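Taking the working numbering, the leading residue of the sequence shown gets 918, the next gets one more, and so forth.
Don't be surprised by glycine CBs; every beta carbon is placed ideally from N, CA and C.
Fair warning: this is a prediction, and the values are worked out from it, not measured in the lab.
Report on the structure given below.
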Amino acid sequence: MSRTLRLLVTAERGAIAVLVALLAAPSGLGLLYLLRQERLVALGRRLDGALPLQALAGGSAQPLVRVLLAFAAAGAAAGALLGLLTRLRPLLTAAATGVLAWLLLVAGGAASYAVENSAPVASRLARQLHHRGLWAELAGLLLGLLAGLYGARRATAARSLPAGEGHAPPEHARAARLVAEHGRDSLDPFALRADKSFHFAAGGVLAYRVIGRTAIVAGDPIGPPGCAAAVLGAFAAEAVRRGWSVCATGVSPQGLAALAPCRLRALQVGAEALVDPRAFSLEGRRVRKVRQAVARVERAGWHVETRAARALDDATIAELDGVEQAWRARQRRVCDGFAMTLGRLWGAPEDLDARYVLARDASGVLRAFLRFVSYDAGRGRSLDTMRRGAADEPNGLGETMVVEALRDAAADGVEQVSLNFAGFAHVMAADPATLGLRRRLLRALLGSAHGRFQLERLARFNAKFAPVWQPRYLLYRRRRDLPLAGLRALQAEGYVRAPATAALPLRWEPAAHLPAAPEPARAPAAVTPPRRRRALALASAGRR
């Protein structure tokens, strides 16, 4: 899939280069016509033109300086346009565009002479190559293209301000307060990842990351009701000042409606599995496989329990860290995610509100765990981390841990549990008979990338718990921005390697341990009124 996106981006930029090349040579002739009366540039040896049209520009033979100047100016304009619209390599782009323009001059000149003299085109091609004006025009175009490309690159580099990865400690505290007060969406807690940057505006905040010259916003803007469009609008204005383009990934339907004034295009890129734990049950045929999985794990002697993060002891924390490190060591490529994972287990005050599901084997050793984070003032929980041990675990352990998490959430009065945002679940988990032609083609394309993205496997796992599927969207501004926006989103999630980005100096980093839970507030001692104290003293004296 990543190859397809890269090919689309390259094809788009190549088409722009071809179009500019086709316009460069006629533009040179037009400038030559405008300079036909300028004697200051009538220097050098006169050269025959490559095209009959050159006779309209002051004669079939033109001074060398005039030819070079006209085509160099046309090439500079074409190079500047290419530098602004594409990110191809300057030398390669200039050479390819120059060759295309040169071929146009050769073919166009031969064809025009052939038409004028009623002769075969092939008979004129060899003679066309002997025109000295042709080579002078090509040299002018190449020099102009290189100058225009490098000039445009330097201008855009000066305009595009670099972005350090991450955020400062005061920004983390400010964003954490906004998430705690206004975080209603299941992706809101994940705004507090260490590698995300923040933009504060209109009383709210959005989290983003810059890859190349593209700023990828994660999820919905967070803040008071009605502020989403203002927050994204202010960020878009800042992005223009910094020379970035903007896209957003993982946007909810509510966020899509709130951002309608921003006039962005939307593409559904997945669906999130939402389960009401109060209504979930292991009864019925629909969850028969889940029920069998739970029974299988119990027969194997495994024990699954839930634990609040603030209640973890040092021994359990060490076990969790051991499972985490062993899991990472087994992965050839770790995708830490972007939109729906925090990328850490502890290290921030908000991590005390997490909930763990611990799976121990028959000997009592911790082998796997889930971690859920809280949102919407505790009314919802989102699956953040799922870690599994070695291959000898019983089949169905993942289902058993999710069932225990749903039971625990129901006991705590949680109204909604988000299992995960599965990319293209609306395509991969759907009945193929219900899909249209475009979605069937997309399903086939995604299926070819099954080993890398695990899209179908994740979607089918979530479907076992009879969830409600909530769409998630990728937002972008123009149709031609879609391939690059999709590529940047995949790079942010870690599926495709992204260019290296320097970390923000003195950025916030999570601590290496779980923060100490605050001691519960002690109830104030009862204060005895003065009259009551005197009465008690007199009664005590009488007893003595």
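- Task: Closer than 7 Å by C-beta to A1307: which residues in its own chain qualify, once you throw out the five before and the five after it? Chain order, please.
- Result: If we look at A1307 and ignore the five residues flanking it on each side, it has no Cβ neighbours.
- Item | Contiguous alpha helix (DSSP H) assignments of at least 4 residues, all confined to the stretch 1135-1168 | Segments of the alpha helix (DSSP H) lying fully in the stretch 1135-1168: 1145-1159.
- Would you mind working out which of R1272, A1190, P1170, F1286 sits nearest Y1390, comparing C-alpha positions? Here the closest residue by C-alpha is P1170.
- Query: To which residues of the same chain is A1075 closer than 8 Å at the C-beta, ignoring the five residues directly before and after it?
  - Reply: Low confidence applies here, because A1075 scores a pLDDT of 48, under 50, leaving its location unreliable; read the following figure in that light. For A1075, where only same-chain residues beyond five positions count, there are no Cβ hits under 8 Å.
- Task: Express the C-alpha separation of G1136 and G1172 in angstroms, rounding to a whole number.
- Result: Computed Cα separation, rounded: 8 Å.
- Over what stretch of residues does the alpha helix (DSSP H) that includes R1091 continue unbroken? From DSSP, the alpha helix (DSSP H) with R1091 extends over 1086-1099.
- Item | Burial state of H1116 (16 or more Cβ within 10 Å) | Label assigned to H1116: buried.
- Task: Could you pull out every unbroken beta strand (DSSP E) segment of at least 3 residues lying fully inside the stretch 1188-1275, listed in chain order?
- Result: Within the stretch 1188-1275, complete beta strand (DSSP E) segments of at least 3 residues are found at 1220-1225, given in chain order.
- Query: For V1331, does the count of other Cβ atoms within 10 angstroms reach 16, so buried, or fall short, so exposed?
  - Reply: The residue in question, V1331, is buried, as its Cβ has 16 or more Cβ neighbours within 10 Å.
- Opposing strand residues paired with H1430 [DSSP bridges]: DSSP lists no partner for H1430.
- Check whether F1378 and G1315 have beta carbons under 8 Å apart: Going by beta carbons, F1378 and G1315 fall inside the 8 Å limit.
- Item | Limits of the alpha helix (DSSP H) - the one that R1298 falls within | First-last for R1298: 1297-1304, but that is the beta strand (DSSP E), not the alpha helix (DSSP H).
- Query: Counting Cβ pairs, one atom from each stretch, are 3 or more of them under 8 Å apart for the stretch 1270-1287 and the stretch 1217-1228?
  - Reply: Enough Cβ pairs lie closer than 8 Å, so yes.
- Label P1384 either buried or exposed according to how many other C-beta atoms from any shown protein chain fall within 10 Å of its C-beta, with 16 as the threshold for buried. Counting the other Cβ atoms within 10 Å of the Cβ of P1384 gives 16 or more, which makes it buried.
- Roughly how far, in whole angstroms, is the beta-carbon of G992 from the beta-carbon of G1061, given that I think they are within contact range, below 8 Å? About 2 Å; that satisfies the 8 Å criterion.
- Task: Compute the beta-carbon to beta-carbon distance between I1128 and T1317, rounded to the nearest angstrom, for a pair I have assumed lies under 8 Å.
- Result: The C-beta separation of I1128 from T1317 comes to about 38 Å, leaving the pair out of contact by the 8 Å criterion.
- Distance between L1058 and V935 (C-alpha atoms, nearest Å): Between V935 and L1058, the alpha-carbon positions lie close to 14 Å from each other.
- Go ahead and pull the three-state DSSP assignment for V935. In the displayed model, V935 falls within a helix according to three-state DSSP.
- Say whether the stretch 1265-1274 touches the stretch 1289-1297, bearing in mind that this needs 3 or more beta-carbon pairs closer than 8 Å, one atom from each stretch. Yes, the stretch 1265-1274 touches the stretch 1289-1297.
- Apply the 10 Å Cβ neighbour rule to S1299 and answer buried if 16 or more other Cβ atoms are within range, or exposed otherwise. S1299 is buried by the Cβ-count criterion.
- Query: Who are the Cβ neighbours of A1440 in its own chain at under 8 Å, not counting the five residues just before and after it?
  - Reply: Because the pLDDT at A1440 is just 44, under 50, the model does not fix this residue reliably, and the value given afterwards should be weighed accordingly. Nothing meets the Cβ criterion.
- In the structure shown, what three-state DSSP assignment does S1103 receive? Of the three classes helix, strand and coil, the one that applies to S1103 here is coil, per DSSP.
- Task: Tell me whether D917 is buried or exposed, calling it buried when 16 or more other Cβ atoms sit within 10 Å of its Cβ.
- Result: What is shown of the chain runs 918 to 1461, which leaves residue 917 out entirely.
- Query: When DSSP labels each residue in this structure, what does E1082 get in the three-state scheme?
  - Reply: Three-state result, E1082: strand.
- Rounded straight-line distance, which links the Cα of R1182 to that of Y1393: Spanning the two alpha carbons is a distance of roughly 5 Å.
- Buried versus exposed call for N1312 [16 or more other C-beta atoms within 10 Å across all chains shown]: Exposed: under 16 other Cβ atoms inside 10 Å.
- Close beta carbons around A1145, own chain, < 8 Å, minus the five adjacent residues each side: Annotation for A1145: G1121, D1137, P1138, G1172, A1175, L1176 place their beta carbon closer than 8 Å to its own, counting only its chain and skipping 5 residues before and after.
- Task: Could you tell me the distance, in whole angstroms, from the CA atom of L1055 to the CA atom of R1414?
- Result: So the two alpha carbons sit approximately 39 Å from each other.
- Item | Classification of V937 by the beta-carbon crowding that lies within 10 angstroms, buried from 16 upward | Classification for V937: buried.
- Rounded C-alpha distance that separates V1204 from D1293: Roughly 28 Å between the two C-alpha positions.
- Near A1151, what residues of its chain come up, given a Cβ to Cβ distance below 8 Å and the 5 sequence neighbours on each side ignored? For A1151, where only same-chain residues beyond five positions count, the Cβ hits under 8 Å are H1116, A1118, A1119.
- Can you tell me whether DSSP reads F1338 as helix, strand or coil? Looking at F1338 - three-state DSSP - the assignment turns out to be strand.
- Task: Leaving out five residues on either side along the sequence, give the residues of the same chain with a beta carbon under 8 Å from the beta carbon of A1428.
- Result: So the qualifying residues of the chain are W1263, G1264, A1265.
- Query: Once you ignore the five residues that flank E1241 on each side, which residues in its own chain have a CB closer than 7 Å to its CB?
  - Reply: Taking C-beta separations shorter than 7 Å and ignoring five residues to either side along the sequence, the partners of E1241 in its chain run L1262, R1304, following chain order.
- Query: Pick from D1270, A1153, L1323: whose alpha carbon is nearest that of E1222?
  - Reply: Minimum Cα distance to E1222 is reached at L1323.
- Message: Going by DSSP, what residue range makes up the beta strand (DSSP E) through P1388?
- Response: It spans 1385-1393 - the beta strand (DSSP E) in which P1388 sits, taken as one unbroken run.
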